[in-house]
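*Asks:* Protein chains in written order, with this note's numbering: chain D, 42 to 356; chain R, 491 to 738; chain X, 204 to 610; chain G, -4 to 286.
Yeah, the Cβ is synthetic: ideal placement off N, Cα and C, and Gly gets one too.
Since this is a predicted model, take the numbers as computed values, not measurements.
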Amino acid sequence: MNNYRIGLWIGVALVALASLAPLGLNDYQQSFLLQVFLVIALAQAWNLISGMTGYVSFGHAAFFGVGAYASALLLTWGFPWWLAVLKSAGIAALLAVPLGFLTLRLRGPYFAIAMLGLNEVGRIVATLWVSVTHGGTGLTLSPELLPSLDVKYFTMFGLALGATLLVAWIHRSRFGLELRAIREDEEAAEMVGVNTTLNKVIAFVLSALIPGAVGAVYVMYTSYINPSSAFEHARNIEMIVVVLFGGSGTVWGPIIGAGTVMVLREMLWAQFPAAHLAALGVLLLVVVLYLPGGLVSILRDRQRSRPDARSGESP
Amino acid sequence: MSAPVCDPDHILCAWGLTRDFGGVQALRGVDLHVARGSITGLIGPNGSGKTTLFQVISGLDRGATGAVTFDRESILGWRPSQIYRRGLARTFQLSRVFPELTVLENIVVAGSRHDRSVTERALGLLERVNLRDYAAVLGKNLSYGQQKLVEFLRVLMSDPALILLDEPAAGVNPTLRQTLWDMVRHLNGLGATFLVIEHNMEVIADLCSEVYVLSEGEIIAHGDFAAIRNDERVLEAYFGKSRRHGAA
Amino acid sequence: MVPAAPSGRLKEEIIMKRRLSLSVLFSLILAVIIFPAVTQAKDIVVGTSVALTGKYARTGQEQLQGFQMWVDEVNARGGLLGRKVKLVHYDDESKPETGAKLYEKLITDDKVDLLIGPYSSDVTMAASTVAEKYHFPMVSSGASATEIWERGYKNTFGLYTLAETYMDSILEFGKSKGLKKIALIYENTAFPRGVAAGVKDKAKKLGMQVVFEEEYGKASTDFSSMIIKIKSRKPDMVIGGSYLPDSTAFMRQAKENRLFAKIFAFAVGPGLPDFGQNLGLDAEGVMGNTQWEPTLKLPGVKEFAEKYNQKYGHEPGYHAGGGYGTGQVLEAAVKKAGSTDPDKVRAALFALDIVTTFGRFKVDATGKQIGKPAYAVQWLAGERHIVLPVEAATAKAAYPFKDWGKR
Amino acid sequence: MELLEPEILLQLLIGGLLAGALYALLACGLNLIFGVMRVINLAHAELMLIGAFGAYVLFHIFGLHPLASLLIVVPAIFFVGYYLQRFLIERVVGRPMLTSLLATYGLSIILINLGLLLFSADFKSIPALQGSFLIDELAVSKPRATAGLISLLLTVGVYQFLERTRLGKAIRAVSEHAQVAAICGIDVRQIRMLTFGMAAAMAGAAGVMLSVIYSFWPGSGVDFIQKCFAIIIIGGMGNFVGAFYGGILLGVVEAFVGGFISTQWAEAAAYLLLVTVLLIRPTGLKGVARA
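#1: Contact between the stretch 553 to 572 of chain R and the stretch 622 to 642 of chain R: three or more CB pairs below 8 angstroms?
#2: Since tryptophan 582 of chain X is in the alpha helix (DSSP H), which residue starts that stretch and which ends it?
#3: In angstroms with no decimal places, state the Cα-to-Cα distance between glycine 217 of chain D and glycine 601 of chain R.
#4: Where does isoleucine 90 of chain D fall in DSSP's three states?
#5: Taking the CB atoms as reference points, tell me whether serine 571 of chain R and glutamate 227 of chain D lie closer together than 7 angstroms.
#6: Can you find a C-beta in chain D that's less than 7 angstroms from the C-beta of leucine 79 of chain G?
#7: Tell me the rounded alpha-carbon separation between histidine 172 of chain G and arginine 184 of chain G.
#8: List in chain order: all unbroken alpha helix (DSSP H) runs of 4+ residues lying wholly within the stretch 592 to 650 of chain R.
#9: Does the CB of valine 97 of chain D have a neighbour CB from chain G at under 7 angstroms?
#10: Does the Cβ of glutamine 174 of chain G have 16 or more other Cβ atoms within 10 Å, making it buried, or fewer, making it exposed?
#11: In the DSSP assignment, find the unbroken beta strand (DSSP E) run with isoleucine 319 of chain X in it and report its ends.
#12: So which residues on chain D does threonine 94 of chain G lean against when the C-beta distance must stay under 8 angstroms?
#13: Which residues mark the beginning and the end of the alpha helix (DSSP H) in which tryptophan 210 of chain D is found?
#14: Given a threshold of 16 other Cβ atoms within 10 Å of its Cβ, counted over all protein chains shown, does glutamine 513 of chain X qualify as buried or as exposed?
#15: Relative to the C-alpha of leucine 112 of chain G, which candidate in G:Leu244, G:Gly246, G:Gly214, G:Thr141 has its C-alpha closest?
#16: For histidine 689 of chain R, which of helix, strand or coil comes out of DSSP?
#17: Would leucine 124 of chain D be called buried (16 or more neighbouring beta carbons within 10 Å of its own) or exposed?
#18: Which bits of chain G does glycine 322 of chain D rub up against, with CB to CB less than 9 angstroms?
#19: Does the contact criterion of 3 or more C-beta pairs under 8 angstroms hold for the stretch 16 to 27 of chain G versus the stretch 226 to 243 of chain G?
#20: Following the continuous alpha helix (DSSP H) through lysine 357 of chain X, name the residue where it begins and the one where it ends.
#21: Check whether the Cβ of proline 356 of chain D lies closer than 7 angstroms to any Cβ atom in chain G.
#22: Please work out which residues of its chain come closer than 6 angstroms, Cβ to Cβ, to serine 705 of chain R, disregarding the five sequence neighbours upstream and downstream, and give them in chain order.
#23: According to DSSP, what are the bridge partners of arginine 719 of chain R?
#24: Near serine 248 of chain D, what residues of its chain come up, given a Cβ to Cβ distance below 6 angstroms and the 5 sequence neighbours on each side ignored?
#25: Considering Cα atoms alone, identify which of X:Tyr602, X:Leu267, X:Glu335, X:Phe360 is closest to glycine 488 of chain X.
#26: Do valine 288 of chain X and valine 274 of chain X have their CB atoms nearer than 7 angstroms?
#27: With a Cβ-Cβ cutoff of 7 angstroms, do glycine 530 of chain X and phenylalanine 339 of chain X count as a contact?
#28: Measure the C-alpha to C-alpha separation of alanine 330 of chain X and arginine 148 of chain D and round it to an integer number of angstroms.
#29: My guess is that alanine 334 of chain X and methionine 341 of chain X are in contact by the Cβ rule of under 8 angstroms, so how many angstroms apart are they, rounded?
#30: Quick check on the burial criterion: 16 or more other C-beta atoms within 10 angstroms. Buried or exposed for arginine 161 of chain G?
#31: Please return the same chain residues whose Cβ sits closer than 8 angstroms to the Cβ of serine 210 of chain G, not counting the five positions on each side in sequence.
#32: Applying the criterion that 16 or more other CB atoms from any shown protein chain within 10 Å of the CB defines a buried residue, is isoleucine 573 of chain R buried or exposed?
#33: If you draw a straight line from the alpha carbon of isoleucine 718 of chain R to that of alanine 711 of chain R, how long is it in whole angstroms?
#34: Determine whether the beta carbon atoms of isoleucine 208 of chain G and alanine 165 of chain G lie at a separation below 7 angstroms.
#35: I'd like the ranges of any beta strand (DSSP E) spanning at least 3 consecutive residues and lying wholly in the stretch 365 to 441 of chain X.
#36: Give a yes or no on whether 7 angstroms exceeds the smallest Cβ distance from isoleucine 296 of chain D to chain G.
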């Protein structure tokens, strides 16, 4: 049986488990899973732009924040939850079009820092636009406005699944190949007919759409949003850590990374917030220094350095 | 922009190409005409502007002034990918295969999006240079010579009408080198035009019907190899005592 | 970004081995999934989250110590309804979103019997929505922004006097001295904004003029540009809707920039012993407000203050008093309800009208505190004294604020 | 409008220059590291806080004045940096940018949380230098003036060291071309350790200066590192002099935005400046775009 098949079956099993989970779990465990899906979806979004094209974003939480605020406002204006999710995702994606054209001209550290700056600009706008966002006080959503936990659970699950399938599809598609070529050598890719700007912007917009929707559901889950929680720097880092930990540029990496990091956090966060973060720091160092391919590279270690490797297959 | 009209016999024409890097003129009014179906050579001392000329023609360097016409269309200012899709392909002086892509992927990525038989075709190309067994090997794991060859195969995927080769044989072992030149000749036989930067004068003499000589950003001579090898200015450019601006 | 050259066979084997051991390590981590511990059914579990880190850490800690003293005492008295009381508490890092998550955890995972609110109006805004969602009554000790009770919720019960009234007595005092011009600065979150709204309202009624007004961010530590501007408006009073770190930093920088006014008054900061410790003599004459002081003449205050001082080595500020009082309110409500059933406890809290160590507790139909007065304090000769209202005063207010050059 | 009174403008300018000098000290160190190692040190602000807490501990245990503690803290942090380079940063030099970003980020999380465990999250301050100098009617804050001037002296000193001494020239050589430097017989590894040590020491000194101006806690670094990013982008990555001017510029801009608009906008100034610069000049103002 080949790796692709194994992955497919594991995927089907996980989807079945996640769909049945609400039957056997209490509210808290269910919302824990919801958060795992949240992290998976965000990590896949980051994977899509940074893992695939190599444009390392340190500010993708900006789109999360935009989605969260848009959704909070739409809900208070009386829109149904599902429309709020769709519209928030759309707003994030629309915003990503001009931002993509502007920021993707930048290379390497400049892009990373510009995205970080963008996230901060988002926070600043949310802070200073008091008439709409209530500034630092933030917005609280009355419980009547919010859908039930099951609805939020399955929506978040859908987003995680959708993001994963999107990444999986892109991975095997011609589009994904072009993105990876951009990651390896942008000029050379352009020179063999890849419209690098268009490809990058499409990837960027897709990778903004997902956090937009995730932010929209997140705010329904916490029923509260303020500038620092919407545009939280730690969330940017979390996406990166999760992807790198699992394995960058792969389909399974973000899922494995999210699972591990979230379990670790669940063990520690409430009692030992400092220890939880310090552990995350140590984990990060270990992965960066000793395991650059992430956990996935342990599971699947095919060093294709000799001609006897099997041909015609994507990683 | 009213570019001068390019003779239909010429696939590529450049007029007055000038590229200025903050005061340093890498190209100064270069005029170049590549005949359809020819293998044209481009020679000149190091730093004379050959690679810059390639950068400008292929669209990677969009800061030049002047005019470039490819197949009767003015392409100056186009994106490299547009130019490539129009049928003008190039290789790099230092091999630029995609290191983390497999050999097959390296070649497939250069094919047209809509072509279903892309993979078959790529494998066929690999077959021809005895690299088919390497299809699943990552680009970074190839030898340098193999990388250059893969890069060459890559640009063939779009059936380009004109191929710019930037020292394709440099660093390639003699056997592979021969394979490469054989393929160039073969493709030329099928109608492809080549513009080749090459230092080996034997290859130039053997291959090229016409040669351009670039020195310090200017075309100082052109014609068949026999003509330019006796040209005073060419000799001076290569061996001359009066090296202006200390350019190497 | 140059890729590494392919490694030799031996090296690969070493790498493989290292990877194997790493994979074992990671699977071990994965295996140690701790699922929520089961709480013992016989204890009454009281849940809360307070700020133990972040901006509100100092005040949050005081509040928690207040709770803990109550828990110890109630258990020494034989518990509540004959059951032992157990406190489950977490750190919300002064962040509303963490607070919301923690209250979700307390209600659905720890399955607590009673809830105490977090510190700060900011975090309470978020936490109260969670409590409302689960119809779980929450007695909120450390929140006072009116906004919290204006959302139609039925499960949030406040102890503190409302933020809007914090500065009333100080403004009246200023008016009586013929002061007119007010400079108003405040943090951009719920409670400080509440204080500011109250000040603007009161100033209008008193015919005073707000000549300068500016919000600042939660993390601000540099007020120098702001102070330079305030200086140019020459206010009579400088009033801050602030917490401890910002009020301390502001006074320090006011001195550095020689900002002068007849009255300096801040929310929260001057009500804490740390304010005097950090500023030393520069605290002299600064006014503030307090919900409670260990010198108040209320039942049990003296005993509580002494015991607290013994246990924690410093005198209690009003946040500690509030924490302790919250415990007493819960105790009274459970006793009245005769159970910890949320509906019964809620009904009891609405009906309650008692005087605790912290003062009177009586709420209106929204759960908002209406029974308790506010007090103004001032730092005099290195100590904090109640100066207003005069009936409760332990010292006479010093006026005006001494100019920096003449100290 | 009263803001345009020369006295207020002067006050704002002085405040901005002094704050800018501190930023410059910090950012120059960051850029020195980037120049030599091509590593963006995300833990730079935490090195600064080690300096601040060092001064805090020395003050509260031994009653040592923060200015005196400079003499102990700065060399100590030099060694911290030296060994950090040796055991950690050295392993990520030459690897992709993300690797070094994440490694130093990991370091920064560890340091912050160690700080939280050791010092708790309370805001700390050192009541040593207080009050102001009066020059006519102009009040100049004592702690700020002292911190600003010392920062300026240190930055200029390091610059002179880089320009004039043999070792400084070696550092610049490695920064410009490590391979050529190695061929010329420079021990590149040693130079990297020295560089990181030196940059860490600059950050530590900035920390001591910070401790006399502001109150701080282990999480205070975030704002500073983000401002430093803005500064090095504005000044050009890897460019020591650029970072100096960038730091001064940011300090002055923040002061004037704070004065003319509001403190909240002043906090936003760094990012707005950063984004604007990147949009106009994708490689920073004096940048060397090396990805």
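*Replies:* Short version:
#1: Short answer: they don't touch.
#2: Your numbering for residue 582 of chain X matches position 379 in the third sequence. The continuous stretches of alpha helix (DSSP H) do not include tryptophan 582 of chain X, which lies in the beta strand (DSSP E) extending over residues 578 to 583.
#3: Numbered from its first residue, the first sequence carries residue 217 of chain D at position 176. Numbered from its first residue, the second sequence carries residue 601 of chain R at position 111. Glycine 217 of chain D and glycine 601 of chain R: Cα-Cα distance of roughly 14 angstroms.
#4: Within the first sequence, the letter at position 49 stands for residue 90 of chain D. In the structure shown, isoleucine 90 of chain D sits in a helix (DSSP, three-state: H, G or I).
#5: As a first step, residue 571 of chain R must be located in the second sequence, where it is residue number 81. As a first step, residue 227 of chain D must be located in the first sequence, where it is residue number 186. No; because the gap between Cβ atoms is not below 7 angstroms, this pair is not in contact.
#6: What you label residue 79 of chain G is simply residue 84 of the fourth sequence in a count that begins at 1. For leucine 79 of chain G, the answer is no, since every Cβ of chain D falls outside 7 angstroms of its Cβ.
#7: For the purposes of this step, residue 172 of chain G is identified with residue 177 of the fourth sequence, where counting begins at 1. For the purposes of this step, residue 184 of chain G is identified with residue 189 of the fourth sequence, where counting begins at 1. When only Cα atoms are considered, histidine 172 of chain G and arginine 184 of chain G end up about 13 angstroms apart.
#8: Within the stretch 592 to 650 of chain R, the complete alpha helix (DSSP H) segments of 4 residues or longer fall at 593 to 598, 608 to 618, 634 to 646, listed in chain order.
#9: As a position in the first sequence, residue 97 of chain D is number 56, starting the count at 1. In terms of beta-carbon proximity, valine 97 of chain D lines the interface with chain G, with at least one pair separated by less than 7 angstroms.
#10: Locating residue 174 of chain G in the fourth sequence gives position 179, where the first residue counts as 1. Flag for glutamine 174 of chain G reads exposed.
#11: Here residue 319 of chain X is taken as the residue at index 116 of the third sequence, counted from 1. That run of the beta strand (DSSP E) goes 317 to 319.
#12: Translated into the one-based positions of the fourth sequence, residue 94 of chain G becomes position 99. Going along chain D in sequence order, the residues near threonine 94 of chain G (Cβ under 8 angstroms) are Val329, Pro333.
#13: If you number the first sequence from 1, residue 210 of chain D lands on position 169. 190 to 213 is the extent of the alpha helix (DSSP H) around tryptophan 210 of chain D.
#14: For the purposes of this step, residue 513 of chain X is taken as the residue at position 310 of the third sequence. Around the beta carbon of glutamine 513 of chain X, fewer than 16 other beta carbons lie within 10 angstroms, which makes this residue exposed.
#15: Within the fourth sequence, numbered from 1, the residue matching residue 112 of chain G stands at position 117. Taking only the C-alpha atoms, the option nearest leucine 112 of chain G is G:Gly214.
#16: Position 199 of the second sequence holds residue 689 of chain R. Histidine 689 of chain R: coil per DSSP, three-state reduction.
#17: Sequence index remark: in the first sequence, residue 124 of chain D carries index 83 (1-based). That one is exposed.
#18: As a first step, residue 322 of chain D must be located in the first sequence, where it is residue number 281. Around glycine 322 of chain D, the beta-carbon contacts reaching into chain G at under 9 angstroms are Tyr100, Gly101, Leu102, Ser103, Ile104, Ile105, Leu106, Ile107, Asn108.
#19: A contact exists between the stretch 16 to 27 of chain G and the stretch 226 to 243 of chain G.
#20: Position 154 of the third sequence, counted from the start, is the residue given in the question as residue 357 of chain X. Bounds of any alpha helix (DSSP H) do not take in lysine 357 of chain X, whose DSSP letter is neither H nor E.
#21: Translated into the one-based positions of the first sequence, residue 356 of chain D becomes position 315. Confidence in proline 356 of chain D is poor, its pLDDT being 36 and thus under 50, which makes the residue's placement too unreliable to answer from.
#22: By 1-based counting over the second sequence, the position of residue 705 of chain R is 215. Same-chain partners within the cutoff: Gly534, Ser538, Ala727.
#23: Here residue 719 of chain R corresponds to residue number 229 of the second sequence, with the count starting at 1. Bridge partners of arginine 719 of chain R: none, in fact.
#24: Within the first sequence, the letter at position 207 stands for residue 248 of chain D. In the same chain as serine 248 of chain D, and ignoring 5 residues on each side of it, the C-beta atoms closer than 6 angstroms to its own belong to Ala86, Leu89, Ile90, in chain order.
#25: As a position in the third sequence, residue 488 of chain X is number 285, starting the count at 1. For the residues X:Tyr602, X:Leu267, X:Glu335, X:Phe360, the minimum Cα distance to glycine 488 of chain X belongs to X:Tyr602.
#26: As a first step, residue 288 of chain X is located in the third sequence; it is residue number 85 there, counting from the start. As a first step, residue 274 of chain X is located in the third sequence; it is residue number 71 there, counting from the start. Contact: yes.
#27: The count along the third sequence starts at 1 and reaches residue 530 of chain X at position 327. The count along the third sequence starts at 1 and reaches residue 339 of chain X at position 136. Taking the C-beta atoms as reference points, phenylalanine 339 of chain X is found no nearer than 7 angstroms to glycine 530 of chain X.
#28: Counting from 1 along the third sequence, the entry for residue 330 of chain X is found at position 127. Counting from 1 along the first sequence, the entry for residue 148 of chain D is found at position 107. Going by the C-alpha atoms only, they are around 42 angstroms apart.
#29: Here residue 334 of chain X is taken as the residue at index 131 of the third sequence, counted from 1. Here residue 341 of chain X is taken as the residue at index 138 of the third sequence, counted from 1. So it is a contact: roughly 4 angstroms between Cβ atoms.
#30: In the fourth sequence, the residue the question calls residue 161 of chain G occupies position 166. With fewer than 16 other Cβ atoms within 10 Å, it is exposed.
#31: Position 215 of the fourth sequence holds residue 210 of chain G. So the list reads Phe118, Lys119, Ser120, once near-sequence residues are dropped.
#32: Position 83 of the second sequence holds residue 573 of chain R. In summary, isoleucine 573 of chain R is buried, with 16 or more beta-carbon neighbours lying within 10 Å of its beta-carbon over all protein chains present.
#33: Against the second sequence, residue 718 of chain R aligns to sequence position 228. Against the second sequence, residue 711 of chain R aligns to sequence position 221. Cα atoms of isoleucine 718 of chain R and alanine 711 of chain R: separation of roughly 7 angstroms, rounded to the nearest angstrom.
#34: Mapped onto the fourth sequence, residue 208 of chain G falls at position 213. Mapped onto the fourth sequence, residue 165 of chain G falls at position 170. For isoleucine 208 of chain G and alanine 165 of chain G, no; Cβs fall outside 7 angstroms.
#35: The stretch 365 to 441 of chain X contains these whole beta strand (DSSP E) runs: 384 to 390, 412 to 419.
#36: Taking the first residue of the first sequence as position 1, residue 296 of chain D is located at position 255. By this cut-off, isoleucine 296 of chain D is not an interface position.
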